[in-house]
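Chemist:
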Amino acid sequence: MLALLEQLELDSTLLEDHRFADRVDMIDRLDELLMPDSPDGENNPERLHVRARSLLDALEDANARVCADIRNAVIRGEGAACLRAWFDKLGGAGAPSDSYDHADALVAGMFDFANVHDSGTAPGQDMVFYQPTPVRHVVAMIDKLASGPGDTLVDLGSGLGHVPMLVNILTGIRTIGIEVQAQLMERARETAQALNLHGVSFVHGDARAADLSAGTVFYLYTPFKGAVMDEALARLADEARDRPLRIVTFGPCTSRVGAEPWLESRDGPGENGVCVFHRR
Numbered sequence: 165m166l167a168l169l170e171q172l173e174l175d176s177t178l179l180e181d182h183r184f185a186d187r188v189d190m191i192d193r194l195d196e197l198l199m200p201d202s203p204d205g206e207n208n209p210e211r212l213h214v215r216a217r218s219l220l221d222a223l224e225d226a227n228a229r230v231c232a233d234i235r236n237a238v239i240r241g242e243g244a245a246c247l248r249a250w251f252d253k254l255g256g257a258g259a260p261s262d263s264y265d266h267a268d269a270l271v272a273g274m275f276d277f278a279n280v281h282d283s284g285t286a287p288g289q290d291m292v293f294y295q296p297t298p299v300r301h302v303v304a305m306i307d308k309l310a311s312g313p314g315d316t317l318v319d320l321g322s323g324l325g326h327v328p329m330l331v332n333i334l335t336g337i338r339t340i341g342i343e344v345q346a347q348l349m350e351r352a353r354e355t356a357q358a359l360n361l362h363g364v365s366f367v368h369g370d371a372r373a374a375d376l377s378a379g380t381v382f383y384l385y386t387p388f389k390g391a392v393m394d395e396a397l398a399r400l401a402d403e404a405r406d407r408p409l410r411i412v413t414f415g416p417c418t419s420r421v422g423a424e425p426w427l428e429s430r431d432g433p434g435e436n437g438v439c440v441f442h443r444r
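Taking our numbering, the leading residue of the sequence shown gets 165, the next gets one more, and so forth.
1) Taking only the alpha-carbon atoms, compute the straight-line gap between residue 252 and residue 301 and give it to the nearest angstrom.
2) For residue 326, count neighbouring Cβ atoms within 10 angstroms of its own Cβ and tell me buried if that reaches 16, exposed if not.
3) Exposed or buried, what is residue 345 when buried is set at 16 or more other beta-carbons lying within 10 Å of its beta-carbon?
4) Assuming residue 227 and residue 188 make a contact with CB atoms under 8 Å, what is their CB distance in whole Å?
5) Looking at the strands, I want to know which residues DSSP matches up with residue 182.
6) Does DSSP put residue 206 in a helix, in a strand, or in coil?
7) Check the C-beta distance from residue 331 over to residue 337 and give it rounded, since I have them as a contact under 8 Å.
8) Closest by CA to residue 245, which one among 220, 333, 224?
9) For residue 436, which of 416, 233, 424, 428 has the nearest alpha-carbon?
10) Where residue 218 and residue 172 are concerned, what is the direct C-alpha to C-alpha distance, given to the nearest angstrom?
11) In the structure shown, what three-state DSSP assignment does residue 366 receive?
12) Scan the stretch 338 to 390 and note each continuous beta strand (DSSP E) run of 3 residues or more that stays entirely inside, going in chain order.
13) Is residue 247 buried or exposed, if buried means 16 or more other CB atoms sit within 10 Å of its CB?
14) Sorted by chain position, which residues of the same chain lie with C-beta nearer than 6 Å to residue 385's C-beta, five sequence neighbours on each side aside?
15) Would you mind working out which of 180, 223, 214, 315 sits nearest residue 377, comparing C-alpha positions?
16) Would residue 229 be called buried (16 or more neighbouring beta carbons within 10 Å of its own) or exposed?
17) Is it buried or exposed for residue 293, if we count other Cβ within 10 angstroms and need 16 for buried?
18) For residue 273, which residues of its own chain have a beta-carbon under 7 Å away from its beta-carbon, when the five flanking residues on both sides are left out?
19) So, with DSSP's three-state summary, where would you put residue 409?
20) Could you work out which residue in 372, 367, 275 is closest to residue 236 when comparing CA atoms only?
21) Should residue 324 and residue 352 be called a contact, given that it needs their Cβ atoms to be closer than 8 Å?
22) In whole angstroms, give me the CA-to-CA distance for residue 397 and residue 269.
23) Alpha carbon to alpha carbon, what distance is there between residue 360 and residue 320?
24) On the three-state DSSP scale, how would you describe residue 320?
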């Protein structure tokens, strides 16, 4: 631990804004070293722990400052340019498909979601535990869709609202999140209000019964499976009889959605990225 502390303490640029990603990595490393069951944890002198804790606090404060600046830019209506610039800095394109990277840490901090989790209980049979879509896949979806002012994106199983809020911030289109777990939906609604996102709304309900009439784009990150997925897709097929719509998927549900005879996709097969489906 001593060698790491000395290295970090001598780095005069570590607390500058542009070192956000490096700080995320160092925070993870220090967290591990400070755990009681770490090989370096209980065997180090107390003064090293004090130094490590002080450095950890400074790193977290610096990243919180960056996230607060982005949050303020979003409130002012300048979030798209600010976030895009940060995503370009942080990269992440080489990360495994379902893993999280520095952009996810940035967005979680901007939304102030660090200490918010789901109940840990599956919301019902054929429902899936909540897991947010990695930010880079949300950006890939936005770029693929090239949505216009007439579009409304509906996220079926929106959780804490990452997708509806990010899509609204980055494109300006209207977005709706439908979430069956009330505590997640309420926190998403509070966050959207705090960020002044008037084009985002959240509904507590089941995708099989919710009003889907406003949607032109529907997003699914495997929010459910089995009979629930079958019923939700039947609802979407009914909606598609009245108007053109697109369905965007990520994760294991992609192959299930791709099996629907009324849908087709120009994307390649597989589950390693977002896939856009159109009505045949």
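Just so you know, even glycine gets a beta-carbon here, dropped at the ideal spot from N, CA and C.
Computed from a predicted structure; not experimentally measured.
Modeler: This is what the structure gives:
1) Here the question's residue 252 lines up with position 88 in the sequence shown. Here the question's residue 301 lines up with position 137 in the sequence shown. One C-alpha to the other measures close to 14 Å.
2) Stepping through the sequence shown from its first residue, residue 326 is reached at position 162. Flag for residue 326 reads buried.
3) Taking the first residue of the sequence shown as position 1, residue 345 is located at position 181. Per the 10 Å Cβ criterion, buried.
4) As a position in the sequence shown, residue 227 is number 63, starting the count at 1. As a position in the sequence shown, residue 188 is number 24, starting the count at 1. With 8 Å as the limit, residue 227 and residue 188 qualify as a contact, their Cβ atoms being about 7 Å apart.
5) Mapped onto the sequence shown, residue 182 falls at position 18. According to DSSP, which records beta bridges pairwise, residue 182 is partnered with nothing at all.
6) Taking the sequence shown and counting its residues from 1, the one referred to as residue 206 is at position 42. With a pLDDT of 49 at residue 206, under the threshold of 50, the predicted position of this residue should be treated as unreliable, though the coordinate-derived value follows. It is coil, neither helix nor strand.
7) Taking the sequence shown and counting its residues from 1, one reaches residue 331 at position 167. Taking the sequence shown and counting its residues from 1, one reaches residue 337 at position 173. Rounded, the Cβ-Cβ distance is 7 Å, consistent with contact.
8) In the sequence shown, residue 245 corresponds to position 81, counting from 1. Ranking the options by Cα distance to residue 245, first place goes to 333.
9) Taking the sequence shown and counting its residues from 1, one reaches residue 436 at position 272. Of the candidates 416, 233, 424, 428, the one whose C-alpha sits nearest the C-alpha of residue 436 is 416.
10) Translated into the one-based positions of the sequence shown, residue 218 becomes position 54. Translated into the one-based positions of the sequence shown, residue 172 becomes position 8. Each residue's alpha carbon lies about 12 Å from the other.
11) As a working mapping, residue 366 is identified with position 202 in the sequence shown. If DSSP states are grouped into helix, strand and coil, residue 366 belongs with the strands.
12) 338 to 343, 364 to 368, 381 to 384
13) Here the question's residue 247 lines up with position 83 in the sequence shown. Buried: at least 16 other Cβ atoms inside 10 Å.
14) As a working note, residue 385 is residue 221 in the sequence shown. So the qualifying residues of the chain are 297, 414, 415.
15) In the sequence shown, residue 377 corresponds to position 213, counting from 1. That would be 315, whose Cα lies nearest to the Cα of residue 377.
16) As a first step, residue 229 is located in the sequence shown; it is residue number 65 there, counting from the start. When all chains shown are included, residue 229 counts as exposed.
17) By 1-based counting over the sequence shown, the position of residue 293 is 129. Residue 293 should be labelled exposed.
18) Position 109 of the sequence shown holds residue 273. 227, 228, 231.
19) Your numbering for residue 409 matches position 245 in the sequence shown. Residue 409 falls in the coil class under three-state DSSP.
20) By 1-based counting over the sequence shown, the position of residue 236 is 72. Considering only alpha carbons, the answer is 275.
21) Residue numbering aside, residue 324 sits at position 160 when the sequence shown is read from its first letter. Residue numbering aside, residue 352 sits at position 188 when the sequence shown is read from its first letter. The answer is yes: Cβ separation under 8 Å.
22) As a working mapping, residue 397 is identified with position 233 in the sequence shown. As a working mapping, residue 269 is identified with position 105 in the sequence shown. Taking the straight line joining both Cα atoms gives about 32 Å.
23) Residue mapping note: residue 320 aligns to position 156 of the sequence shown, counting from 1. Residue mapping note: residue 360 aligns to position 196 of the sequence shown, counting from 1. Cα to Cα, residue 320 sits roughly 22 Å from residue 360.
24) What you label residue 320 is simply residue 156 of the sequence shown in a count that begins at 1. Note: residue 320 maps to strand in three-state DSSP.
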